Amino acid sequence: MLSNFLIGLREGLEAALIVGILVAYANKTDRKDWVRKIFVGVGAAVALSVLAGFLLNALVQNPEGGTNELIAGSASIIAVGFVTWMIFWMANNAKNLSSEMKARMDASKSSVLSVVAIAFFAVIREGIETSIFLWSSVSASGQGSFALLGAFLGLVVATWLGYLIYRGALKMNLTSFFKYTGAFLIVVAAGILAYGVHELQEIGLLPVLTQTSYDLSGIIPDDSLIEVVLSGTISFRTAPSMLESVVWLTYVAIVGWLFARAYRKPAKKN
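Numbering (the numbering used here) for the sequence shown: 46 to 315.
Structure below.
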């Protein structure tokens, strides 16, 4: 539930900030007629994102043997690709987000379709990423509706925070927020990637390093409080295969290093 809350919070806040920037700029430049157009684009993006989640879930309702694992494994790997890209995109663009959105608004030349499209594409990227990543996270944790509740609460809190920031009632160091949540999401994504590998190994698509790397089931029993918390937050498995462990460690090492470098302050020139 915690990881899904964080996914909903981070992605929701990013989308809320974008919408807030667009609305604030429309009001500031005396283009209040743009506000309704902005929300038309936002509404369409949200609806399409929800539809994507339902379609993905519908695909695995009554699948043939092995189809469920194939879809779950493939979707998980794709989701990790999305969230990895999102983490680095925000790391590189957080400081310029406002100016970028304003430049797009100026370039629209008041066209209804252009303004709707700016809002739609600004939000749909977050929505589709969130929908696929949440579906994969819920599948990996096995917590069902409980995990979705965490995501819903995260989105609600994100909307509220976004509104407070828009109204000027809340000051937040967004660079630090995205840095620390990004670091945690790297661990979450690594677990989902390992889960995707596990599903593909279940149907024989990755028949290498299938032996168990370690077995902690005697220390952390299934359905125990610790196991539920760990599986629900970082998709932890008590007895992963060697390939799952290698993939997890490799992802965390490489992506973690690149992420730390992205936030590293440039050396001062003498």
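Glycine included, C-beta positions come from ideal geometry on N, C-alpha and C. Since the structure is predicted, the reported quantities are computational estimates derived from the model, not experimental observations.
With a threshold of 6 angstroms on Cβ separation, who are the neighbours of residue i within its own chain once the five nearest residues in sequence on each side are excluded?
i: G241; result: G118, S121, I122
i: A97; result: I173, S176
i: N315; result: Below a pLDDT of 50, predicted positions are generally treated as unreliable, and N315, at 40, falls in that range; the measurement from the model is reported next regardless. Same-chain partners within the cutoff: there are none.
i: V202; result: L54
i: E114; result: E244, E247, I248
If you count every other CB in all the chains shown that lies within 10 Å of the CB of residue i, and 16 or more means buried, which is it?
i: S281; result: This sequence places Phe at residue 281; Ser is not what is there. Per the 10 Å Cβ criterion, buried.
i: P252; result: exposed
i: F320; result: The requested residue 320 is not part of the displayed model; the chain covers only 46 to 315.
i: G263; result: exposed
i: G236; result: buried
i: Q256; result: exposed
i: A124; result: buried
i: S94; result: buried
i: L294; result: exposed
i: G249; result: exposed
i: L67; result: buried
i: A92; result: exposed
i: A90; result: buried
With DSSP as the reference, label residue i as helix, strand or coil.
i: S262; result: coil
i: T257; result: strand
i: T129; result: helix
i: K77; result: coil
i: L251; result: coil
i: T175; result: helix
i: L62; result: helix
i: F165; result: helix
i: T283; result: coil
Grab the span of the alpha helix (DSSP H) containing residue i for me, first residue to last.
i: A307; result: 287-308
For residue i, which residues in the same chain have their Cβ closer than 8 angstroms to its Cβ, ignoring the five residues on either side in sequence?
i: K313; result: Annotation note: pLDDT 44 at K313 (below 50); position unreliable, coordinate value reported separately. None.
i: L198; result: F50, G53
i: F133; result: L303, F304, A307
i: L288; result: V242, Q246, L251, V253, L254, T255
i: P285; result: A239, H243, T257, S258, Y259, W293
Near residue i, what residues of its chain come up, given a Cβ to Cβ distance below 7 angstroms and the 5 sequence neighbours on each side ignored?
i: P266; result: E272
i: A162; result: G86
i: V300; result: T129, I231
i: V292; result: L238, A239, V242
i: L200; result: G53, G57
Does the Cβ of residue i lie closer than 7 angstroms to at least one heavy atom of the ligand GDP?
i: I248; result: Of ligands this structure carries none, so the ligand GDP is not represented either.
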